[in-house]
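Let me begin by presenting the structure, written as structure tokens, before commenting on it.
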Amino acid sequence: MRFIQWATSPWGQSVPTHIAWGLIWVAAIAGLFFMVVHSLYLIVVKPPKRFAERAAEASAAGIPERVPRHTLAARLFHWIMAASMFTLLFTAFLPKVGIQFNWVLYHWIAGVVLTVSILYHIVHASFFLDFWSIWPDRTDLRDAMNRTMRFFGKEAPPPSKFAKYPLENKLYHGVVMLAGLAVIVTGLFMMKRVQTGVFTRNPYLFSDMTWGLMYVLHGLAGVGFIALALMHVYMGIRPEKLPITKSMIFGWMSRDFYLEEHDTGRWAVKGSGPKAKEGYAARDGD
Amino acid sequence: MPEMEEPKTSESQAQQITRRRFILGVIAGGAVVSAASYKILAPGGRGRTWGGERLITLNVNGKPRRVEAMKQETLAWTLRYKLGLTGTKLGCDRAECGSCTVLIDDVPYYSCSVLTNTVRGRKVVTIEGLAADDGKLHPVQQAVVDEQGFQCAFCMPGFVMSAVGYLKKNPNPTREEMAQGLSGNLCRCQDYTKILDAMMRGAETMRRA
Amino acid sequence: MAETEPVDVLKAENEKPRQFGTGYKLIGKDYPTNDLVAKVTGRAKYAEDFRAEGMLFCRLVLSPMPHARVKSIRAEKALAMPGVKAILTPAEVPGHADYINDNGTRIKADKWSELALADEPMYQGEPILAVAAVDELTCAEAIEKIEIEMEPLPFATDPLESLRPGSSNAREEGNVWVRPDSSRGPEKLAVLKWTEEDFAAEKEGRMPMGHAPDEWSYGDVDGGFKNAALVLDETFLTPDVSHQCLEPRTTMAYWQNGKLFLYTGTQSTFQTVAAIARWMHMDEDKIVFISEYTGGGFGSKITGALTLVIPALLSKKLNAPVMMRVSREEEHFIGRARPGIRARTKIGFAKDGRITAVDMFLVSDAGSYGSGGDGGSCGSIASLLYQPPAMRWRNVTMATNTPPRSAQSAPGGMQAIAIMEPILAKAARQLGVDQVALRRANCPEGKAEYGPPNREGRRAYVTSCFLKQALDLGAEQFKWRERVAQQPKRVGSKVRGLGVALSCFHGGSTGFDGLIVITPQGRVQIQSGIGNLGTEALIDVHRAAAEVLDVPWDACDIVWGDTSKHFPYTCASGGSQTVHAMTRAAHAVGLECVQRLKEVAAKTLGGQPDGYEVANLRVFRKGGGPGLSFAEAARQAIKLGGIYDGHDVNPDVNKATKQSVAALAGQGLVASAKDKYPHDGDSYSYLACFAEVETDVETGVYRIVDYLGYADVGTVLHPAALGGQILGRSTLGIGHAIGQKWVIDPQYGVTVAERFYQNKPPTILDVPVNMKWNALNIPDPETPVGARGCGEPPVGGGCASILNALSDALGDNIFQRAPVNADTILTSLEAGRPMQDPLIAHI
Amino acid sequence: MAVIRDVMPAFDLLQPDTAAEAQKLLQQNGEDAWVMAGGMDSFDWLKDRIKKPKVLVDLSGVEELKGIRATGDGVEIGAMTTLTEIANHAAIQRDYSLLAQAVELVASPQIRNQGTLGGNVSQDARCWYYRGGWPCYRAGGNICYADTPVGRNREHAIFGADRCVAVHPSDSAPALIALDAKFVIRTPKGERVVDAEDYFVGPETDITRLNILRPGDLLTAIRIPAAWAGAKFYFEKVRDRNVWDFPLMNVASAMKLSGGTISDMRIAVNAAAPKPMRLKAVEDAVRGKPANAETGEMAGKIAVRGAVPLQFNAYKIPLMRNLVKRAIGSGQEAA
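Residue numbers (my numbering), protein chains in the order written: chain C, 8 to 293; chain D, 3 to 211; chain F, 87 to 929; chain Z, 3 to 337.
Okay, here's the thing in structure tokens:
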């Protein structure tokens, strides 16, 4: 199948205009496929516990019952982003599969909301949160290697526990960030092509070819989000991940879960009380 | 709501063909497929496949003409290129100049915009079919000669066919009405006043005859 | 020009109009022309109506870009299709060729001229490839399989934009046409950019004025403005208007025994042969050109064109007849158009409305090929028609990447009048002078002078002008005074307005030949090399010969439309020259014929030729003695041979005429002659045009209520044909006022309005159902029959009278460009000032 | 691929005899089918080779789609009834002269002889960029060439633009909206009847179509209820040429008067927006007001609220204002 829709420009040249809309279904199927495979994997293979034995947890005593994980601001950002993202996905793709409504207005408004929230997030995460907590570090890489080796039955030391975020989470964030930047940057330019009341319309900022590629990129990232959103929602509702999902709603996770999954050394949660607040606030991220 | 007339009587102004077609329409009015009855009424009618045909018979200038036509072929094309009736001109091929006007069942049509396959069984008259067999010109043609109507005359066949068609509907037009009747024809020499002179004269001759 | 003094002005005024046909048996009388029955029965064959055995069809591939280079053409897939015969690429077309202009002068080709197919297309829509196949459907499908790689090049579609600093040029070599100082040789392209300061006027909605390569002036222009009671300085843009001949320039070609047979529509059967020869790089005697009927030309089908060359080349390549049907879309691009001119014109008026000085600044858009002459003729027509005592003319002729322009009925003249007249109308209102009176005050008369002085300091002048009489009689017939007095102008939302405009254009040339054969059957066979445009000049002019020969018209046969039938040296039907030029030639050959008949009679029956006279198809002794019928005379002529049957030829005539005479030799009494009549001044024809419009101020819609064109065209040759010319060409001009235009998207340089419904040529409902015309019928003193041409003079007056009537109804602040439509009127009324942008091209 | 804009591509021609067959053929061929009524719009697309359907379903032989019939409540006009027949029909002239006037002003006599009511309301947009085959939004692309800093948009929309600024070109559509007509559509799922104004869709809903017809659907008839028969009608079309021209704008209204007062009114304009606009705000505002110039002035101002002019079409605002004004003021002469 052709991944790109081509058109003949006013100058008789072939220019890309969109992705082939069939990719919507490809992305949706890919997302569902991931769910099925992942579920089957967990059910059929029943993977053993992944982590090394609990190390001595000298500091565990200082850990509160409710481990603070996401600030209100961070949670708000997440849910606003999620809402705008869903709005964007639905307004983008429902009309393409035959459900007609006045979508462009909602789409660009949601896009603006997303953009603003992302800008906020960048500033917030860079200067007020633990910026590095979401990026894979050396330990993550080593553990990933070990896990892979073990998966194939090779000898390897058991991986250590997670820092604040599991590696999958970090990688997901990375992919979402790239796709998100792609849709946002292309989307902002695309607003020059519609009547928004924000800009004067000018579709001639770039050449036909550049524009075409921009639309293709927007589309590819967009359909990518179909798969990504499906995976994310699926993970969010998996029973073993529910504590993490809950933490995104209430801001904290239980001490047990914390100790079970997280490496207190890599994600240190200091003692409770007013003092602790500073500590985790400074190291919080999301 | 005032009482409506019966559809048939309300057709009184329409052309004969319209009336005939309307009767057919009434027959076909129900959900019943009327292909059979239509077939009887229109010889050479359509087969079960509803397909356009390649070898068809046209009634052109009173004579049956057997012709092989492509499905996308227009009547103008058939007339000019298959039947050699080049009096019908193609000025735009897009229904916006009128040079290709012919009469189909006495009604002026742009033959560039009629599929040949749709005029099977209908009566087509072109500029070549207006004069009598002995060469005597149609009154409208004669009036053009008498008034020195038209210049380059590429539009002339279309104008004459429109006028002949219009005069069947309105034999006694005012100059303004005649202009309306001819308004589907473009003349780029823009000899409109002289064209109207000629057509009004033609109308008068026809009335006197 | 002869050294005679211009005739007395009062004498011109004393000339009185006379009834049509006065003093003649044939001239000035209505009669049905010989080609009418064929036309009205559909038997008349236009180019596309011809068929040849085994004929192939060809279609064009047009450039999608306004300026580009063809990098590669991949046609293997197309050529592999069944039924596809060949493609023709730019590499296969002959190189640049000379051409023949209206007056038969050979113009040397230059490297910037057009070729049959372009490898560097200069406008979107320029043919770059042709495909021949068994039918058009196959051609079309083959074309869609051809891959053409093109490299876009910088382009300019708006002439004013291309003068801006830093803007792109239509061609690498430049954007403006300049004439080398030394000679009147071919013009060259140069780069001209104005400065930002030059463009400052743009902000006030006025046309900016920078350096102009062309300039002339006479009189004290500055003094004229200083002494003026009123000075107006106006910006105005005239539209680019396609010729839109109803018959597309379809051509059929085949080769037989090394000869090329070409069928197409043309404005000159005779002169097209030489043009084809030059395009094709072949000898004229290897070309047979057939053009029996032509569906409109208006200046766009003057002689040869690329449309003739392509099928000719393909036919040669394939050794089969090839028909190239030209579609309406292709016609839009290759069918020529009038150049739009944007003008800034300053006119000074004295209190009584007399013009004191004119300063005219033009930027004309010559399109993609050639410089055209519209800007120049715009200046001379303005100087002739309004007789300013002082005038300066400046002109910038811009090359743009838009379809090529050519002469269109009244080239430059139409624009001059459309530019000047609204200013005159405005001045009359501001000065409180009647519109007709103001024009009368500035009207040319007698041997009026025009244009710039030549090297000897003398200005050119016309043969005669009786426009004042036409203006007066026209005003009378139109009931101008009564209409002006009629009140109120406004009823409800409807406002009426009156307009009058002067109009003129070139009306004739000289020096062509006539050729007559009196056959042994006693028929007078007149050879006519004139193109058949339906103006009937093709036939009408020969009434002069019949008149001189004193034969009944039905004894005459006109032979036309096929160069294998042998024609005399004939003018092209352009520049309204035919009636003038060819009545002179017909008159000359008529006299020659009479003389030869007398000589034949004298040689046969004895006595002196002077003792004989010719009438009623006989040559006989004066006073009614013995004589010969034409049939007998023809047979005698064949017996006598030599000069009488064409074995010898009148030495005066053109080389081409001599060849034709030689070819006809022995077929009867063959007479040929050249027009050697004296001719003092340049022949121009004139009209006074009157119009009334009714506008609806709530919708901006207006309709033309009445129109009258009153002509001064010398002797009226054929009233019905003249009437058709006056009103037809008036309507051509009216089209410019009421709607015709181009629309080009500047981003891509691509035309978006190429259909009739988008370009809007006038329909029968856009003009009054009863337009009126009249003519003075005062013979021109400088030509034997006294007749001048009238194809073009009405165009400017048609346009300007409507514009003037609109501003009479709605005020001066309505338009700054033509056409004027509901949109302009409504927004301008709303804003109280002209709301059209006069500086943007092609909206 | 080189482009040629002439010569019709080959297609299979299907000529059904009944509406049922026609609808079935359309359904069977789905996106491959092109339905042709009078053909005046179709031929343009086909001859320009922009659309190349595999199958052309020609409705000219479907007699049941032709003709004007009296119904219990008004009239039913077959979708294939020609504009000439409607303009000349005695009952239409008597009771629904609004429609007769509107169709009389369509294109040219020959086109009216061939063009049908169904075709006139279902025709495609006439934006010159779109019709030129440019890959604009309406053609499935991602750009509007008309609404750019240099776009040529004199004939484009002042309302309802959503990316696309093309206008709806029909003259009969506003008249049918003013007459509260119902459109009868035969769909694969059965018959569907919609209000005239709901037949048309704007680009915000579907940018590639001007109406609700989907592949497999067939417009069979238009029903005009008796409710507005003999009302005070007004139709006016403003165009550049008096023949062969699409409207720069048109207005159609039906007014019920009691005394000099407007008791009820329906009014629509076209060529102002991508779909014919019913002016409900105007209808509400004038109800109960005298049908005079003053009410007209007020209505005109209401009508143009929210209009967004493009570079070259600002004239459409005063034009629409004045046309609405005149439609309402026209009641004055009658009263």
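Ideal Cβ placement from N, Cα and C applies to all residues, glycine included.
As a quick exercise: from the options, pick the residue whose alpha carbon is nearest that of residue i.
i, options, result
"Gly583(F)", "Ile234(F), Met293(F), Val570(F)", "Val570(F)"
"Leu117(D)", "Val147(D), Cys99(D), Asp108(D), Gln74(D)", "Gln74(D)"
"Ala904(F)", "Asp782(F), Asp326(F), Phe716(F), Ala133(F)", "Asp326(F)"
"Leu212(Z)", "Asp286(Z), Pro171(Z), Val186(Z)", "Pro171(Z)"
"Met92(C)", "Val104(C), Gly69(C), Val123(C), Lys103(C)", "Val123(C)"
"Pro71(C)", "Ser261(C), Phe84(C), Asp270(C)", "Ser261(C)"
"Leu553(F)", "Cys590(F), Phe564(F), Glu562(F)", "Cys590(F)"
"Leu119(Z)", "Trp130(Z), Pro227(Z), Arg7(Z), Ala102(Z)", "Ala102(Z)"
"Met1(D)", "Ile106(D), Leu92(D), Val142(D)", "Since the displayed chain D opens at 3 and closes at 211, residue 1(D) lies outside it and no answer follows."
"Val105(Z)", "Arg140(Z), Trp36(Z), Thr84(Z), Thr20(Z)", "Thr84(Z)"
By the criterion of Cβ-Cβ separation under 8 Å, what are the contact partners of residue i in chain Z?
i, result
"Arg582(F)", "Simply none; closest approach about 18 Å."
"Glu230(F)", "Met3, Ala4, Val5, Ile6, Arg51"
Check the Cβ-Cβ distances between residue i and every residue of chain D, and say whether any is below 8 Å.
i, result
"Met42(Z)", "yes"
"Asp135(F)", "yes"
"Met257(Z)", "no"
"Ile888(F)", "no"
"Pro111(Z)", "yes"
Let's test the definition: count the other Cβ atoms within 10 Å of the Cβ of residue i and tell me whether it reaches 16, buried, or not, exposed.
i, result
"Thr297(Z)", "buried"
"Thr176(D)", "exposed"
"Asp242(Z)", "buried"
"Asn324(Z)", "buried"
"Leu220(Z)", "buried"
"Phe206(C)", "exposed"
Since residue i and residue j should fall inside the 8 Å C-beta cutoff, what is the C-beta to C-beta distance between them, to a whole number of angstroms?
i, j, result
"Trp302(F)", "Pro538(F)", "4 Å"
"Leu892(F)", "Val881(F)", "Actually they are not in contact, since the Cβ atoms of Leu892(F) and Val881(F) sit about 18 Å apart, beyond 8 Å."
"Arg268(Z)", "Ser255(Z)", "7 Å"
Could one say the Cβ of residue i lies closer than 8 Å to chain Z's Cβ atoms, at least one of them?
i, result
"Met202(D)", "no"
"Glu98(D)", "yes"
"Ser115(D)", "yes"
Taking 8 Å as the CB-CB cut-off, is residue i touching chain C?
i, result
"Cys129(Z)", "no"
"Gly143(Z)", "yes"
"Met208(F)", "no"
"Pro137(Z)", "yes"
"Arg156(Z)", "no"
Which chain F residues are close to residue i, counting only those with a beta carbon under 7 Å from its beta carbon?
i, result
"Trp18(C)", "Pro150, Met151, Pro238, Tyr834"
"Tyr211(C)", "Gln833"
List, in chain order, every chain F residue whose beta-carbon is nearer than 9 Å to that of residue i.
i, result
"Thr150(Z)", "Asp831, Gln833"
What does residue i reach in chain C if we use C-beta pairs closer than 8 Å?
i, result
"Ala163(Z)", "Gln202"
List the residues of chain Z that residue i touches, going by C-beta distances under 7 Å, in chain order.
i, result
"Val111(C)", "Asp164, Arg165, Glu206"
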